[in-house]
Amino acid sequence: MARYGMVIDTKKCVGCADCVVACKTENNVPDGYCRDWIVEDVRGAFPDLHMEIRSERCNHCENAPCVRCCPTGASYTDEDYGVVLVDKDLCTGCKACIASCPYDARYVHPEGYVDKCTFCMHRVREGLDPACVAVCPTKCMYFGDLDDANSEVSKLIRSRPNHALIPEAGTKPKIFYLL
Amino acid sequence: MQEITITSGRHMHHIDPHLTIWGWEIPVYLFFGGLVAGILFFSAVYFLRGKEDEMHATVRIAPLFVPLLLSLGLFALFLDLEYKLHVFRFYTAIRLESPMSWGSWTLAIIFPLSFLWALMHAEKVFPNWRYPYAWMENAMTYVKKYAKVIAWLLIYYAAILGIYTGILLSAFNARPIWNTAILGPLFLVSGLSTALAFNMILSKNKEEKHRLGRIDLIAIGIELFLIIHMFMGFLASTQIHVEAVTLFLGGPYTAPFWIFVVGIGLIIPAFIEILDSLHKVKSTLIPAFLVLFGGLMLRFIIVDAGQFSSWVY
Chain A
499 MARYGMVIDT KKCVGCADCV VACKTENNVP DGYCRDWIVE DVRGAFPDLH
549 MEIRSERCNH CENAPCVRCC PTGASYTDED YGVVLVDKDL CTGCKACIAS
599 CPYDARYVHP EGYVDKCTFC MHRVREGLDP ACVAVCPTKC MYFGDLDDAN
649 SEVSKLIRSR PNHALIPEAG TKPKIFYLL
Chain B
2 MQEITITSGR HMHHIDPHLT IWGWEIPVYL FFGGLVAGIL FFSAVYFLRG
52 KEDEMHATVR IAPLFVPLLL SLGLFALFLD LEYKLHVFRF YTAIRLESPM
102 SWGSWTLAII FPLSFLWALM HAEKVFPNWR YPYAWMENAM TYVKKYAKVI
152 AWLLIYYAAI LGIYTGILLS AFNARPIWNT AILGPLFLVS GLSTALAFNM
202 ILSKNKEEKH RLGRIDLIAI GIELFLIIHM FMGFLASTQI HVEAVTLFLG
252 GPYTAPFWIF VVGIGLIIPA FIEILDSLHK VKSTLIPAFL VLFGGLMLRF
302 IIVDAGQFSS WVY
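Structure (structure tokens):
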């Protein structure tokens, strides 16, 4: 099994939200919902301020609590790509997965099933990047196999300081933010 | 200073600014689940001890209400589902890692058992009870041979059901207020306490009422101990848990929790039950109703506060 993940360069991200628009368009995300979003995280005290702009989405965790909590197996980890997906035919809309996600990355689709970022698997299976990565005007997003030592994502993680979101929750997230 | 701004806009229904995915349906379901677990537990225990006549309401009358109470709880759970047509999917998979899955299977076992248990006792409660068909009569005669086996199964599955109502929530690491192993035993004991209160309301036997009241006092004592222990655990835990527990220690859930759950639901009924056992006050059903109210409020407040608490990053 490959272990697909994402690396986002916070030095290059300008927070334009093109990734958000591309995702909504590509995946026909219903009005009022989003599978990805832009966070401006400002820390420190003036004049020593640090701002990080992050494009956030489901972290496709290796130890995914949403998969663990799902009573029907609707939330599962794809065997070929290591991506966390939802089988809407199995979903009852019990919302256990939403409660279990520390990133609040899931929502109930108006049709009743739970929905979230899929890393655009329909594109990835055809050899394309996810829509958010493909459309990024500053090329700050990278997508690839974290288990492949020669992939761009693996090289970036090795060569640049980075952090993941809430690693202390024990979910082993697969999105890394370059500092 | 840390300031988080979501510049692309994000206000998803029931997700932002904090979760509101579970409304009244889940606390009501958890309340009925705990109540049913308690009723079946005490009914089976006193049946096995041969106290059917002394504890008539506990052993025979209360179980008659179980199929109805369990149906109400399950109906509330059903109403909460967003994809109602897929409800059968709970029973196309067994996922031991998911408390909701083994909870569903426990309910699938306990529901028919409780129905049989109610039928067995209906004959004793209603002397004119007759089955419309002979095969029903024969089937029940056969079932009654295994009454003790059913009672033991009920004790076992009632304990699982009672604990499950708490573990369902404590399994969610993402919500710090729920993420404590104390919730399982707390909800179990609370369920037993509400069942004792329910039995007190049904009972017309003074001696039975007093015995139930005395056991309820022990249950309330254990509940108070578990609540104190839960807060001690939170305050000695990680920063995220320490911050989350401030919801109950000065935050928005302080007044509802300490007044409705601890005050009205535990301390006042315990006080009245003590006075009653010392024959200082006239025996009334007030403590029983207060315990039921407190049990319901406990579940409403914990379910709501858990959704209010989250990891911050």
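Heads up: the protein sequence lines correspond to chains A and B, in order. Sequential numbering of the first sequence, starting at 499, is according to this note's numbering. Sequential numbering of the second sequence, starting at 2, is according to this note's numbering. Even for Gly, the Cβ is constructed at its ideal location relative to N, Cα and C. These numbers come from a predicted model, not from an experiment.
Please confirm if the region 162–170 of chain B is in contact with the region 181–190 of chain B, defined as three or more CB-CB distances below 8 Å between the two stretches.
Touching, per the Cβ criterion.
When the Cα atoms are used, what is the spatial distance from Phe258 of chain B to Trp535 of chain A?
For Phe258 of chain B and Trp535 of chain A, the distance between alpha carbons rounds to 35 Å.
Of the residues B:Arg131, B:Met141 and B:Phe173, the one placed nearest Leu114 of chain B, counting alpha carbons only:
Nearest of B:Arg131, B:Met141 and B:Phe173 to Leu114 of chain B, Cα basis: B:Met141.
Is any beta-carbon of chain B found at less than 7 Å from that of Cys511 of chain A?
Using a Cβ-Cβ cut-off of 7 Å, Cys511 of chain A does not count as an interface residue toward chain B, since no Cβ of chain B sits closer than that to its own.
What residues of chain A sit near His15 of chain B, judged by a beta carbon separation below 9 Å?
Within chain A, the residues near His15 of chain B are Lys593, Ile596, Tyr605 and Val606.
With DSSP run on the structure shown, which of helix, strand or coil describes Arg131 of chain B?
Correct three-state label for Arg131 of chain B: coil.
6 Å CB neighbourhood of Ile673 of chain A in its chain, flanking five on each side removed:
Cβ within range, chain order: Met504 and Asn557.
One or two residues paired with Gln3 of chain B in a DSSP bridge:
Answer by DSSP bridge pairing, in chain order: A:Arg541.
Inter-residue Cα distance where the pair is Ala160 of chain B and Met549 of chain A:
Computed Cα separation, rounded: 51 Å.
Please state the DSSP three-state secondary structure of Asn561 of chain A.
Coil, per DSSP.
Let me make sure I understand the geometry here. Which of B:Thr247, B:Val304 and B:Val126 has the alpha-carbon closest to that of Ile62 of chain B?
Of the residues B:Thr247, B:Val304 and B:Val126, the one whose Cα lies closest to the Cα of Ile62 of chain B is B:Val126.
Spatial distance of Pro68 of chain B from Gly266 of chain B (CA atoms)
Straight-line Cα distance between these residues: approximately 26 Å.
Taking CB distances under 7 Å as the criterion, tell me whether Ser191 of chain B reaches chain A.
Against chain A, the CB of Ser191 of chain B has no partner CB under 7 Å away; the residue lies outside that interface.
So, do the region 506–519 of chain A and the region 4–11 of chain B have three or more beta carbon pairs nearer to each other than 8 Å?
Yes, since at least three Cβ pairs between the region 506–519 of chain A and the region 4–11 of chain B fall closer than 8 Å, the two stretches touch.
How is the beta strand (DSSP E) around Tyr502 of chain A delimited, first residue to last?
Tyr502 to Asp507 is the extent of the beta strand (DSSP E) around Tyr502 of chain A.
State buried or exposed for Asn200 of chain B, treating a residue as buried only when at least 16 other CB atoms are found within 10 Å of its CB.
Buried, by the Cβ-count rule.
Counting only the same chain and skipping the five closest in sequence on each side, list residues whose C-beta sits under 7 Å from that of Gly214 of chain B.
Within its own chain, the residues whose Cβ lies closer than 7 Å to the Cβ of Gly214 of chain B, once the five positions on either side in sequence are excluded, are Met201, Glu274, Asp277 and Ser278, listed in chain order.
When every heavy atom of the ligand SAH is checked, does at least one fall within less than 6 Å of the C-beta of Gly513 of chain A?
With respect to the ligand SAH, the structure offers nothing, as it holds no ligand at all.
Since Ala289 of chain B and Gly192 of chain B should fall inside the 8 Å C-beta cutoff, what is the C-beta to C-beta distance between them, to a whole number of angstroms?
The Cβ separation is near 15 Å, so there is no contact.
Per-residue DSSP class, three states only, for Gly642 of chain A:
Strand, per DSSP.
What does DSSP give as the partner residues of Thr575 of chain A in its beta bridges?
Thr575 of chain A is bridged by DSSP to A:Val582.
Where do the ends of the beta strand (DSSP E) carrying Arg552 of chain A lie?
Segment Asp546 to Arg555, the beta strand (DSSP E) holding Arg552 of chain A.
Measuring alpha carbon to alpha carbon, tell me which of B:Ile22, B:Phe43 and B:Gly24 ends up nearest Glu209 of chain B.
Out of B:Ile22, B:Phe43 and B:Gly24, the CA that lies nearest to the CA of Glu209 of chain B is found in B:Phe43.
Looking at Arg300 of chain B: is its Cβ nearer than 7 Å to the Cβ of Phe79 of chain B?
Cβ atoms of Arg300 of chain B and Phe79 of chain B: not closer than 7 Å.
Is the CB of Thr570 of chain A under 7 Å away from at least one CB in chain B?
For Thr570 of chain A, the answer is yes, since a Cβ of chain B falls inside 7 Å of its Cβ.
Would you list, in chain order, the members of the region 68–92 of chain B that have their beta-carbon closer than 7 Å to a beta-carbon of chain A?
Taking 7 Å as the upper bound on Cβ-Cβ separation, chain A lies near residues Leu82, Glu83, Tyr84, His87, Val88, Arg90 and Phe91 of the region 68–92 of chain B.
Alpha carbon of His325 of chain B to alpha carbon of Ile216 of chain B, nearest angstrom
Summary: the structure shown does not reach residue 325 of chain B, with chain B confined to residues 2 through 314, and so no result is reported for it.
For Leu36 of chain B, tell me which candidate among B:Pro64, B:Ala148 and B:Tyr134 has the shortest Cα-Cα distance.
The shortest C-alpha to C-alpha distance from Leu36 of chain B to any of B:Pro64, B:Ala148 and B:Tyr134 is the one to B:Pro64.
Using a Cβ-Cβ distance under 7 Å, would Glu538 of chain A count as near chain B?
Chain B, which has a Cβ nearer than 7 Å to the Cβ of Glu538 of chain A, makes this yes.
Under a Cβ-count criterion, where at least 16 other Cβ atoms within 10 Å of its own Cβ denotes burial, should Gly222 of chain B be classed as buried or exposed?
Answer is exposed; the Cβ neighbour count stays below 16.
Any contact of the region 607–621 of chain A with the region 522–540 of chain A, i.e. 3+ C-beta pairs under 8 Å?
Using a C-beta cut-off of 8 Å, the region 607–621 of chain A makes contact with the region 522–540 of chain A, since at least three inter-stretch Cβ pairs fall below that distance.
So if I threshold CB-CB distances at 9 Å, which residues from the region 110–139 of chain B count as touching chain A?
Those residues of the region 110–139 of chain B that come within reach of chain A (Cβ to Cβ, closer than 9 Å) do not exist; the list is empty.
Pro569 of chain A versus B:Ser99, B:Leu70, B:Ala148 and B:His122, residue with shortest Cα-Cα distance:
Comparing Cα positions, the closest option is B:Ser99.
Test: Ile22 of chain B CB closer than 7 Å to a CB of chain A
Output row for Ile22 of chain B: interface = yes.
Residue from B:Ala152, B:Phe226, B:Leu293 and B:Met2 whose Cα sits closest to the Cα of Asp539 of chain A:
Nearest option by C-alpha distance: B:Met2.
Check the Cβ-Cβ distances between Cys507 of chain A and every residue of chain B, and say whether any is below 7 Å.
Note that residue 507 of chain A is Asp in the sequence shown, not Cys. It does not; no Cβ of chain B falls within 7 Å.
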